[in-house]
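Quick note, in the numbering used here, the sequence shown goes up one by one and the last residue is 345.
In what follows, a single structure is set out as structure tokens and then discussed.
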Amino acid sequence: MLMMKERRPAIRTLRGWAINVLQEAGAIHECEEHGWAKDRADPHAHERAIELARQDPPAGVSAGEAVAEVRDVLDSIGDTCPECPPDQA
Numbered sequence: 257m258l259m260m261k262e263r264r265p266a267i268r269t270l271r272g273w274a275i276n277v278l279q280e281a282g283a284i285h286e287c288e289e290h291g292w293a294k295d296r297a298d299p300h301a302h303e304r305a306i307e308l309a310r311q312d313p314p315a316g317v318s319a320g321e322a323v324a325e326v327r328d329v330l331d332s333i334g335d336t337c338p339e340c341p342p343d344q345a
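Okay, here's the thing in structure tokens:
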């Protein structure tokens with residue numbers, strides 16, 4: 257039987273690809289109410305995302321550039337939703 261590797265969905269930008277990798281690794285999730293990305297603050301998930309980026313960068317992008325983009329995106333995401341009241345975040 258022929259086994260096929262599951263392909264990631266086509267992403268138009270490197271930033272979009274990095275967000276997808278972070279979600280896949282469990283490093284970020286969306287605010288249920290507003291849809292903003294939130295950092296899970298899980299160092300193991302952060303490392304998984306970086307390793308995924310290093311092992312499987314998008315076509316035409318070096319592993320170093322992919323890792324740098326994942327880190328940049330992760331640094332730009334907070335652990336609270338900007339639209340949620342402080343007591344709900």
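Ideal Cβ positions, reconstructed from N, Cα and C, are used throughout, including at glycine.
Three-way DSSP call (helix, strand, coil) for residue i in this model
i, result
"residue 275", "helix"
"residue 295", "strand"
"residue 333", "coil"
"residue 290", "coil"
Close-in-space but distant-in-sequence residues of the same chain around residue i (CB under 8 Å, 5 per side omitted)
i, result
"residue 285", "279, 293, 294 and 296"
Alpha carbon of residue i to alpha carbon of residue j, nearest angstrom
i, j, result
"residue 331", "residue 341", "22 Å"
"residue 324", "residue 336", "23 Å"
"residue 328", "residue 289", "25 Å"
"residue 273", "residue 339", "25 Å"
"residue 334", "residue 270", "20 Å"
**Stretch-stretch touch, CB-based, cutoff 8 Å, three pairs: the region 269 to 286 with the region 298 to 312** = yes
**Message:** Three Cβ pairs or more, each shorter than 8 Å: is that satisfied between the region 286 to 302 and the region 312 to 321?
**Reply:** The region 286 to 302 is not in contact with the region 312 to 321.
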